[in-house]
Amino acid sequence: MEERHAIETTVGRLAVRVVGHGPTAVLWPSLFMDERSWDRLLPTLTQDRRLVIINGPGHGVSGDPGHSYTLRDCVTAAGQVLDRLAIGGAVDWVGNAWGGHVGLRFAADRPGECRSLITLGTPVAALSRSERRGTYPLLVVYGVLGPIELVLSGVTEALLSAHTRAHDPEAVELVRDSMRRANRRMLRNAVVSISLHREDLTDVLPEIAAPTLMITGSDHTGFTSAQAEAAARLTRNGRSAVVPDAAYLVPLEAPTITSTLIREFWARCAADRPAT
10 MEERHAIETT VGRLAVRVVG HGPTAVLWPS LFMDERSWDR LLPTLTQDRR LVIINGPGHG
70 VSGDPGHSYT LRDCVTAAGQ VLDRLAIGGA VDWVGNAWGG HVGLRFAADR PGECRSLITL
130 GTPVAALSRS ERRGTYPLLV VYGVLGPIEL VLSGVTEALL SAHTRAHDPE AVELVRDSMR
190 RANRRMLRNA VVSISLHRED LTDVLPEIAA PTLMITGSDH TGFTSAQAEA AARLTRNGRS
250 AVVPDAAYLV PLEAPTITST LIREFWARCA ADRPAT
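If you're matching positions, the sequence shown starts at 10 in my numbering and goes up one per residue.
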């Protein structure tokens with residue numbers, strides 16, 4: 010059974026898909042991607058969880074607030090979605106890149122509402138100077154000319170590993186199609202608000218009490234395996250994992266390995282949870 014909702018939040022009207030049964034898990038995609046980036050995981054994850062898949066502002070058919078916003082605004086919006094769906098109790102958070110950043114803030118700011126946290130391809134530090142230099146020109150071109158080939162190729166190369174680009178044309182086309190479908194103004198607003206203005210979350214990590222798994226791709230130059238391991242150690246109950254031949258979009262690039270890591274982590278958390 011599947012439900013679709015359009016829910017008013019502090020960051021605009023968000024498109025939300027609900028599928029599966031069981032305890033609730035929230036899935037929030039990466040920048041540039043809509044809910045379809047999770048589709049390859051759904052057959053397995055819905056065996057364990059009721060999935061609330063939130064399209065971030067400016068992505069899919071979600072709206073946006075018409076002005077810049079912060080990670081904390083996104084956390085507030087996620088809480089509004091859960092309230093609107095009448096989901097009581099804590100949830101498991103699974104976030105890819107942007108979704109992981111929201112999840113880190115969610116887990117730190119709302120500890121009673123976060124049962125566990127999984128981040129996928131989510132750098133903890135702010136955007137580096139070199140990353141800004143690479144992002145800003147593409148953003149300017151996109152703002153003027155839209156999703157032309159230069160922009161589509163640049164974003165695809167940034168988000169997907171060389172292995173994925175060479176061997177998974179369906180994943181490549183999904184990245185490109187997500188950008189083609191997006192509202193130009195709203196997507197640009199999301200990139201400026203969330204990427205160019207990304208805060209350093211290192212100091213937030215020690216505040217996170219929920220069991221945490223930080224997964225990164227072996228080809229993710231912005232968040233290496235060593236960086237993921239170091240970040241996980243800063244949380245109270247964290248661990249890390251690396252997925253081969255993947256970069257930012259781990260759920261799309263390596264769904265079998267990713268779903269196994271997620272489900273094993275959920276099972277471990279359940280086994281470690283005190284009996285009531």
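Each residue gets a CB set at the ideal place from its N, CA and C atoms; glycine is no exception.
Item	Value
Met10, buried or exposed, once every other Cβ within 10 Å from all chains shown has been counted against 16	exposed
Burial state of Pro253, where buried means 16 or more other Cβ atoms lie within 10 Å	exposed
Thr233 versus Ser137 - alpha carbon distance	14 Å
Through-space distance from Val70 to Ala191, alpha-carbon basis	8 Å
Where Ile217 sits in the DSSP three-state scheme	coil
Helix, strand or coil at Met188 according to DSSP, with G and I counted as helix	helix
Gly75 - DSSP class collapsed to helix/strand/coil	coil
Beta-carbon proximity of Leu129 to Val259, cut-off 7 Å	yes
Option nearest Leu210 by Cα separation, candidates Phe115, His14, Asn198 and Gly97	Phe115
Residues that DSSP places opposite Asn105 in a beta bridge	Leu129
Test item: CB-CB of Gly67 and Ala199 under 7 Å	yes
Where Leu222 falls: helix, strand or coil (DSSP)	strand
Assigned exposure category for Thr230 - 16 Cβ within 10 Å defines buried	exposed
Local Cβ density within 10 Å of Gly109, reported as buried at 16 or more and exposed below that	buried
Sub-7 Å separation of Val111 and Leu80 beta-carbons	yes
Delimiting residues of the alpha helix (DSSP H) encompassing Gly152	Arg138 to Leu154
N-terminal and C-terminal residue of the beta strand (DSSP E) that Ala24 is part of	Gly21 to Gly29
Status (buried if at least 16 other CB within 10 Å, exposed otherwise) for Leu113	buried
Own chain partners of Ala240 with C-beta closer than 7 Å, once the 5 adjacent residues on each side are dropped	Val133, Leu214 and Met223
Contacts around Arg49, its chain only, beta-carbon distance under 6 Å, and the 5 residues preceding and following it disregarded	Pro264
Which listed residue (Gly98, His14 and Arg124) has its alpha carbon closest to that of Gly72	His14
Endpoints, beta strand (DSSP E) assigned at Ala250	Gly247 to Val252
Per-residue burial, Gly226 [other beta carbons within 10 Å of its own, 16 or more giving buried]	buried
Cβ shell of Cys278 (< 6 Å), same chain only, five flanking positions each side left out	Ser125 and Pro220
Paired residues, beta bridge with Val100 - DSSP	Cys123
Cα-Cα separation between Ala87 and Asp281, rounded to whole angstroms	27 Å
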